[in-house]
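Okay, structure first, notes after.
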Amino acid sequence: MSEQEKAEELERASVDKNSGFAFHCHHDVLAEYVTDYTERVAYIKRCKPKSEQELRLRLFRLIPEDRLPPEYIKARAEYDKAWAEADKAWAEVDKARAEYIKARAEYATQLGALHRELCPNCPWDGKTIFPMEDK
Ligand SMILES: [Zn+2]
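According to the numbering used here, the sequence shown is numbered sequentially starting from 1021.
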């Protein structure tokens, strides 16, 4: 989509932003947060059936932020913030998992010796404590 087309789409949407809450971004959702309005318009033109495009494009509108209840906007911001924190937490989980996998490999021999010492008469075969049932 050219800059001129983007400007026209935003003008049609009566807003100067490319993101925000919008009506009918998807056919089965009344209002939702849109991160890239012009890209969604381009996607509708590129991928949606020709017979649906006129209606989709006519109804898909960014909602002026000053028309929305502040609490509604705040709720969305809190949701975004929670996701950002979750993403950060998952990055920490991934890092810790990698460290743990590295430690398991590094200490496998030591752990095996400790197991033999502390777990006498153990049927553990390296995969299960029920080696006969497994076969
Ligand atoms: Zn054991």
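Positions of the beta carbon are idealized from the N, C-alpha and C atoms, including for glycine.
Here the structure is a predicted model, which is why all the values come from computation and not from measurement.
Residues bridged to residue i [DSSP beta-bridge criterion]
i	result
ARG1081	PHE1043
GLU1052	ALA1042
Contact set for residue i: own chain, Cβ-Cβ below 6 Å, skip 5 residues either direction
i	result
PRO1151	PRO1143, ASP1145
Close beta carbons around residue i, own chain, < 7 Å, minus the five adjacent residues each side
i	result
LEU1088	PHE1041
CYS1045	GLU1052, VAL1054, ARG1060, PHE1080
Residue burial classification, residue i (beta-carbon count within 10 angstroms, cutoff 16)
i	result
THR1129	exposed
LEU1082	buried
THR1058	buried
Ligand 1 heavy atom lying under 6 Å from the CB of residue i
i	result
CYS1139	yes
CYS1067	no
CYS1045	no
TRP1144	yes
Sequence-distant residues of its chain with Cβ nearer than 8 Å to residue i (five each side left out)
i	result
PHE1043	LEU1050, ALA1051, LEU1079, PHE1080, ARG1081, ILE1083
LYS1068	ARG1076
ASP1244	Lying outside 1021 to 1155, the shown extent of the chain, residue 1244 is not represented and no answer is given.
ILE1149	CYS1142, PRO1143
- Which whole runs of the alpha helix (DSSP H) in the stretch 1095-1144 are 4 residues long or more, in chain order? As far as the stretch 1095-1144 is concerned, its whole alpha helix (DSSP H) runs of at least 4 residues are 1128-1138.
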